[in-house]
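In my numbering, the protein residues as written are 57 to 385.
Read through the structure below, which is laid out as structure tokens, and then see the notes.
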């Protein structure tokens, strides 16, 4: 199976139901903002859009296909209607389903995404599956992201697998539960990562710090082991650090206000990873990521706006003069 796949995503798959709210308020708390609805009332909504077969690693696997890589996904599904719908969508996208595990009597993950004023609040539930790592062969890249709270044994198995196959490169974009596990519990994964992604707030949670200096955050993330650390900072741009050089990349300008920010991080991370897999360097990969993100936030859902290589290169050719990676030191 050597090099049968360029890219294998590992992570939970979900169906997202996007609910566009009409009547809600946003309140600023001491540490976070809160979306508020009238308690015990009937709340009108504008529309609902159902998007099957998404999730960090599923999105990344689709993105890899569109950017020219041979891609597969390891994930877990229930043998229900939504599981079958996810399988059909992966087939339609060209993602190999060899490593998809279907669990009899289990339910497929289903999330609710509340859209309001250009932002999203996601109600998540990762069902408990018997996570077991299949023989993945020797792909060029493994992309590890969001898994459920009962997935620690899978992480241990993957860590051992990567010890046996040192030639495989690992990209790690931790999800909610992987951050909650803590950097100590997943120390082996952090140390083994060739490429690591998170946003500024996630970096603070991972490190357990109140320090908001992104240059210090990225250095401290790199000290956990990743060869290349990348931290995104929303509309403020993104940073990459390889232990020696640090780059800053501004975000690509939006052609119009974002419609839905779901999947923006996945779009960035998957395009960056694919660029490296295609032989590009860090500055080139940094220029790909924001373009993919820009496209995704213009549509509902994390998949519809994912770009092809030709489309990314077209946007690059039309980019503003200041859209280029800046070497900080």
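The beta-carbon is built from N, C-alpha and C at its ideal position, and this holds for glycine as well.
Only a predicted model underlies this, so the values are computations on that prediction, with no experimental measurement involved.
| Enclosing beta strand (DSSP E) for residue 226 [first to last residue] | Note, residue 226: beta strand (DSSP E), 225 to 228.
| said: Using the Cβ count rule (16 or more neighbours within 10 Å means buried), how would you classify residue 393? | reply: An answer regarding residue 393 cannot be provided, because it is not within the stretch 57 to 385 covered by the chain.
| query | On the three-state DSSP scale, how would you describe residue 108? | reply | In this structure, residue 108 counts as strand in the three-state DSSP scheme.
| said: Between the alpha carbons of residue 251 and residue 150, how many angstroms are there, rounded? | reply: Between residue 251 and residue 150, the C-alpha separation is close to 25 Å.
| For the beta strand (DSSP E) that residue 48 lies in, which residues bound it at each end? | Since the first residue of the chain shown is 57 and the last is 385, residue 48 is not available in this structure.
| query | Apart from the five residues on each side of it in sequence, which residues of its chain come closer than 8 Å, Cβ to Cβ, to residue 203? | reply | Answer for residue 203: 66, 67, 68, 182, 187, 210, 211, 231, 233, 234, listed in chain order.
| task | Could you spell out where the beta strand (DSSP E) holding residue 66 opens and where it closes? | result | Here the beta strand (DSSP E) through residue 66 covers 63 to 66.
| request: Look up residue 134 in the DSSP assignment and give the residues it is bridged to. | output: BP columns for residue 134 point to 159.
| field | 6 Å Cβ shell around residue 448 - same chain, five flanking residues per side excluded | value | The displayed coordinates of the chain run from 57 to 385. Any statement about residue 448 would go beyond what the structure contains.
| Leaving out the 5 sequence neighbours to the left and right, which residues in its chain are closer than 7 Å to residue 179 when beta-carbon positions are compared? | Only 167, 168 meet the Cβ criterion.
| message | Please give the ranges of any beta strand (DSSP E) in the region 221 to 261, keeping only runs that are unbroken, at least 3 residues long and fully inside the region. | response | You should have 225 to 228, 251 to 255.
| query | Short check: CB of residue 75 to CB of residue 133, under 8 Å? | reply | For the 8 Å CB-CB criterion, residue 75 and residue 133 do not form a contact.
| In its own chain, which residues sit with a C-beta less than 8 Å from the C-beta of residue 155, not counting the 5 before and 5 after it? | Same-chain partners within the cutoff: 64, 128, 129, 130, 131, 190, 192.
| request: Can you tell me which of 331, 107, 383, 79 puts its alpha carbon nearest to the alpha carbon of residue 366? | output: The alpha carbon of residue 366 has as its nearest neighbour, out of 331, 107, 383, 79, the alpha carbon of 331.
| said: Taking the straight line between their C-alpha atoms, what separation do you get for residue 245 and residue 263? | reply: If you draw a straight line from the Cα of residue 245 to the Cα of residue 263, it is about 15 Å long.
| message | If you measure between the beta carbons of residue 310 and residue 338, is that distance less than 8 Å? | response | No.
| Quick one: any contact between the region 107 to 121 and the region 347 to 367, if contact means 3 or more CB pairs under 8 Å? | Yes: the two stretches touch, three or more of their Cβ pairs being nearer than 8 Å.
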